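In the order they appear, the protein sequences are chains A and B. For the first sequence, counting from 1, position 96 maps to 96 in the working numbering; every step adds exactly one. For the second sequence, counting from 1, position 185 maps to 185 in the working numbering; every step adds exactly one. Ideal placement from N, C-alpha and C gives every residue a C-beta, glycine not left out. Quick caveat, the model's predicted, so the values are computed rather than measured. Here's the structure we're looking at; comments come further down.
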Amino acid sequence: MTGQMMKLEVRDELLAMRREPATLFFSVLMPVLFFAMFIGLFGPEGATDASIIAPYGTFAVLAVVMLSPGIGLADARDRGWLRVKRVSGIPLSMTLLAKVIAAVPYAVAVLLAITVVAVFVGGMTVDVGTLLRVFVVLVLGAMPFALFSLAVGALAGTTASAAILNAILMPMVILSGLWFPHEIMPEWVVSIGEFMPTYHLAQLAMVQVEGGAWLGHLAVLGLTAVVGATVAALTYRSARP
Amino acid sequence: MSSVLAVNNLRHRYGAVEALAGVSLSIQEGEFVALLGPNGAGKTTLVRSIVGLIKPTSGTVTVAGGDPAKAIVRRRLGVVQQDVGFPRTLTVAEVVEGAAARAGGDPATAQRALDEMGLDEVRKRRASDLSGGQQQRLQLAMGLVGDPALLVLDEPTVGLDVSARRAFWLTLAERRRGGTGILLTTHIVEEAAAVADRVVVLDGGRVVAEGTPDELRRLLPGRRISARTRVPVEAIRAVDDVVSASAEADRMVITAIHAEPVVRVLLDLDRDLRDLEVATPSLDEVLSELTTDRERVAA
Numbered sequence: 001m002t003g004q005m006m007k008l009e010v011r012d013e014l015l016a017m018r019r020e021p022a023t024l025f026f027s028v029l030m031p032v033l034f035f036a037m038f039i040g041l042f043g044p045e046g047a048t049d050a051s052i053i054a055p056y057g058t059f060a061v062l063a064v065v066m067l068s069p070g071i072g073l074a075d076a077r078d079r080g081w082l083r084v085k086r087v088s089g090i091p092l093s094m095t096l097l098a099k100v101i102a103a104v105p106y107a108v109a110v111l112l113a114i115t116v117v118a119v120f121v122g123g124m125t126v127d128v129g130t131l132l133r134v135f136v137v138l139v140l141g142a143m144p145f146a147l148f149s150l151a152v153g154a155l156a157g158t159t160a161s162a163a164i165l166n167a168i169l170m171p172m173v174i175l176s177g178l179w180f181p182h183e184i185m186p187e188w189v190v191s192i193g194e195f196m197p198t199y200h201l202a203q204l205a206m207v208q209v210e211g212g213a214w215l216g217h218l219a220v221l222g223l224t225a226v227v228g229a230t231v232a233a234l235t236y237r238s239a240r241p
Numbered sequence: 001m002s003s004v005l006a007v008n009n010l011r012h013r014y015g016a017v018e019a020l021a022g023v024s025l026s027i028q029e030g031e032f033v034a035l036l037g038p039n040g041a042g043k044t045t046l047v048r049s050i051v052g053l054i055k056p057t058s059g060t061v062t063v064a065g066g067d068p069a070k071a072i073v074r075r076r077l078g079v080v081q082q083d084v085g086f087p088r089t090l091t092v093a094e095v096v097e098g099a100a101a102r103a104g105g106d107p108a109t110a111q112r113a114l115d116e117m118g119l120d121e122v123r124k125r126r127a128s129d130l131s132g133g134q135q136q137r138l139q140l141a142m143g144l145v146g147d148p149a150l151l152v153l154d155e156p157t158v159g160l161d162v163s164a165r166r167a168f169w170l171t172l173a174e175r176r177r178g179g180t181g182i183l184l185t186t187h188i189v190e191e192a193a194a195v196a197d198r199v200v201v202l203d204g205g206r207v208v209a210e211g212t213p214d215e216l217r218r219l220l221p222g223r224r225i226s227a228r229t230r231v232p233v234e235a236i237r238a239v240d241d242v243v244s245a246s247a248e249a250d251r252m253v254i255t256a257i258h259a260e261p262v263v264r265v266l267l268d269l270d271r272d273l274r275d276l277e278v279a280t281p282s283l284d285e286v287l288s289e290l291t292t293d294r295e296r297v298a299a
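Quick look at the structure:
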């Protein structure tokens, strides 16, 4: 019964993303178009491996995992649909988990799309093993950010959630050097950026390509997950159904 | 016959405000109970406690023998709530089939509910694109799937046209015969009186009256008499059984403990008396009388 209910919840969430053109555009298509534009303008800067996609891929995955679950939750709350689900015997945790799980295929899809762009526009050579490791790190590493997304969606309305989540995501993305490399940024931006969990997620993906120390990055992501889970638990308890 | 709902001494506070101050209520299999009361009486808090959306401060709620805080018990409930909008991305059929699956019911119950609520021909349309009345019927269909032990209906007929209303009441009558207990909250008092076995009046978080619609009507003594007459008001006021009399437009409106002596006097004094009407108090008047004291205090 629990498995069947979970399947239904995930199906509803996948349909919600597939049938909502705005979600598809902003979560999948726009990051890919930006990536094509960046790589067309600045080129791969000498690199031919998966390091071309690691920083920008971090942003692309976060755009899906950090925006969709929270905005979807806020919309369900605003409509009273969350009340319907809770009354019908769906545990709240299952509804929330389904929103996160449903974001995963879209995160993988956007990674695949920028990989195709990187190959055909940036001349990236494909090493399947490395790519697979980068994908796994980015998708799993983005999960703590989904907890923050759900916490915002549990408290704010739909429009406010979209604004708040973008206001959190975009500065982190820029400060972490995911759009423009730290090499061309002022020193103070780099200093702040190194405190961002998004920076450590991108670095953990880079380690899969270039090697190097990974424990510190993993520890920061672990801490982010603990903080995210705590914030989320406190938020859901006080959120109106 | 077993109980499908037992509410025992339920209390709930929102900060300093006591929304429920010790409510007890029970519904048996196949019984239809209407919950009435003015705005702020505590109806919504009571309904939300029953369906497991809020945890009461004290007291107990038992639905079909279990605690509605548990998801498995909530699946024995069919609920129609106020102010619910559907997702833009699901079709009518997907919404109802999903509700049936979540209730653990046979998928055939989804089709039955769609048919009962006249929604089969719009089954492929997006739920959010339906008209207000159709969306209300869709909620009703969701409440009916899974053959619930208890149906909780919060203002379920808002937005329904006459034929949809009739179909709805007929469907409920059939479900009652199958043993489903029903709790209805509504502002359409006479509609509740027409369909309910028992009426519970809530005010200030307390049950202030309970009984069959006829029993409640008898709580307000007397009869309402009105007629077109030339008899002076003073003459009527002098009759023993008269509680009050007033001239309103071209009619005299009289409240009396017993109607017969007053009617006899009216007929004796005015041979041209016309449009004589004698009525028992309506449930609306009873409800208004039962809940007026608190409103006066609040004012």
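**OP:** State the DSSP-derived secondary structure class of ALA298 of chain B, mapped to helix, strand or coil.
**Re:** Reading the second sequence from its first residue, position 298 is the one you call residue 298 of chain B. Residue confidence for ALA298 of chain B is low, a pLDDT of 41 falling below 50, so the modelled location carries little weight; the figure read from the coordinates is stated next. Helix at ALA298 of chain B.
Original post:
With a cut-off of 8 Å, does the C-beta of ARG77 of chain A fall near any C-beta of chain B?
Top reply: By one-based count along the first sequence, residue 77 of chain A stands at place 77. Chain B contact via Cβ: absent.
Original post:
So what does DSSP say about VAL201 of chain B, is it helix, strand or coil?
Top reply: Translated into the one-based positions of the second sequence, residue 201 of chain B becomes position 201. Strand, per DSSP.
**OP:** Go to ASP275 of chain B, then tell me how far its alpha helix (DSSP H) extends in each direction, as first and last residue.
**Re:** Locating residue 275 of chain B in the second sequence gives position 275, counting from the first residue. Taken as a continuous stretch (DSSP letters only), ASP275 of chain B belongs to no alpha helix (DSSP H), being part of the beta strand (DSSP E) at 274-279.
Original post:
Using a C-beta cutoff of 8 Å, does ILE71 of chain A count as contacting chain B?
Top reply: As a working mapping, residue 71 of chain A is identified with position 71 in the first sequence. Answer no: the Cβ-Cβ gap between ILE71 of chain A and chain B never drops below 8 Å.
**OP:** Report yes or no: is there a C-beta of chain B within less than 8 Å of the C-beta of ARG237 of chain A?
**Re:** On the first sequence, position 237 is the one that residue 237 of chain A refers to. No - not a single Cβ of chain B is within 8 Å of the one on ARG237 of chain A.
**OP:** Run down chain A in chain order and give the residues with a C-beta less than 9 Å from the C-beta of GLY52 of chain B.
**Re:** Stepping through the second sequence from its first residue, residue 52 of chain B is reached at position 52. Those are ARG86, VAL87 and GLY89, listed as they occur along chain A.
**OP:** Tell me where the alpha helix (DSSP H) around SER51 of chain A begins and ends.
**Re:** Position 51 of the first sequence, counting from 1, holds the residue named residue 51 of chain A. Segment: none, SER51 of chain A is in no alpha helix (DSSP H) and carries neither H nor E.
Original post:
If you measure from the beta carbon of ILE72 of chain B to each beta carbon in chain A, is any gap under 8 Å?
Top reply: Within the second sequence, numbered from 1, the residue matching residue 72 of chain B stands at position 72. By this cut-off, ILE72 of chain B is an interface position.
Original post:
Does the Cβ of ALA54 of chain A have 16 or more other Cβ atoms within 10 Å, making it buried, or fewer, making it exposed?
Top reply: On the first sequence, residue 54 of chain A is found 54 positions in, with the first residue counted as 1. Label assigned to ALA54 of chain A: buried.
**OP:** Tell me, to the nearest whole angstrom, how far the beta carbon of ALA232 of chain A is from that of LEU150 of chain A; I am working on the premise that it is less than 8 Å.
**Re:** What you label residue 232 of chain A is simply residue 232 of the first sequence in a count that begins at 1. What you label residue 150 of chain A is simply residue 150 of the first sequence in a count that begins at 1. Confirmed, Cβ separation roughly 6 Å.
Original post:
Under 8 Å Cβ-Cβ, which residues of chain B neighbour LEU8 of chain A?
Top reply: Counting from one through the first sequence, the residue named residue 8 of chain A turns up at place 8. What LEU8 of chain A touches in chain B: GLY98, ALA101 and ARG102.
**OP:** Compute the Euclidean distance between the alpha carbons of ALA259 of chain B and VAL33 of chain B, then round it to the nearest angstrom.
**Re:** Taking the first residue of the second sequence as position 1, residue 259 of chain B is located at position 259. Taking the first residue of the second sequence as position 1, residue 33 of chain B is located at position 33. Taking the straight line joining both Cα atoms gives about 31 Å.
**OP:** Specify the secondary structure class of ARG372 of chain B as computed by DSSP and reduced to three states.
**Re:** Here chain B has residues from 1 to 299 only, and residue 372 of chain B is not among them.
Subject >> alpha helix (DSSP H) segments (min. 4 residues) lying fully within the segment 96-161 of chain B >> reply: 108-116 and 132-144
**OP:** Give me whichever residues DSSP pairs with GLN28 of chain B in a beta bridge.
**Re:** Against the second sequence, residue 28 of chain B aligns to sequence position 28. Bridge partners of GLN28 of chain B: B:SER3.
Original post:
Alpha carbon to alpha carbon, how far is SER226 of chain B from LEU269 of chain B?
Top reply: As a first step, residue 226 of chain B is located in the second sequence; it is residue number 226 there, counting from the start. As a first step, residue 269 of chain B is located in the second sequence; it is residue number 269 there, counting from the start. For SER226 of chain B and LEU269 of chain B, the distance between alpha carbons rounds to 15 Å.
Subject >> Paired residues, beta bridge with ARG251 of chain B - DSSP >> reply: Here the question's residue 251 of chain B lines up with position 251 in the second sequence. DSSP output for ARG251 of chain B lists B:GLU248 as bridge partner(s).
Original post:
For VAL189 of chain B, which residues of its own chain have a beta-carbon under 7 Å away from its beta-carbon, when the five flanking residues on both sides are left out?
Top reply: Position 189 of the second sequence, counting from 1, holds the residue named residue 189 of chain B. The answer, listed in chain order, is LEU36, LEU283, ASP284 and LEU287.
Original post:
Quick one: what's HIS12 of chain B bridged to in DSSP?
Top reply: Here residue 12 of chain B refers to the residue found at position 12 when the second sequence is read from its first residue. Beta-bridge pairing links HIS12 of chain B to B:LEU20.
Original post:
Tell me which same chain residues have a C-beta within less than 7 Å of the C-beta of ALA156 of chain A, skipping the five on either side of it?
Top reply: In the first sequence, residue 156 of chain A corresponds to position 156, counting from 1. Within the same chain, ALA156 of chain A has close Cβ partners ALA74 and ILE164.
Original post:
Excluding the five sequence neighbours on either side, which residues of its own chain have a C-beta within less than 8 Å of the C-beta of ASP240 of chain B, listed in chain order?
Top reply: In the second sequence, residue 240 of chain B corresponds to position 240, counting from 1. Closer than 8 Å at the Cβ level, and outside the excluded window around ASP240 of chain B, lie PRO261.
Original post:
What residues of chain A sit near THR89 of chain B, judged by a beta carbon separation below 7 Å?
Top reply: Residue mapping note: residue 89 of chain B aligns to position 89 of the second sequence, counting from 1. Within chain A, the residues near THR89 of chain B are LEU15, ALA16, ARG19 and GLU20.
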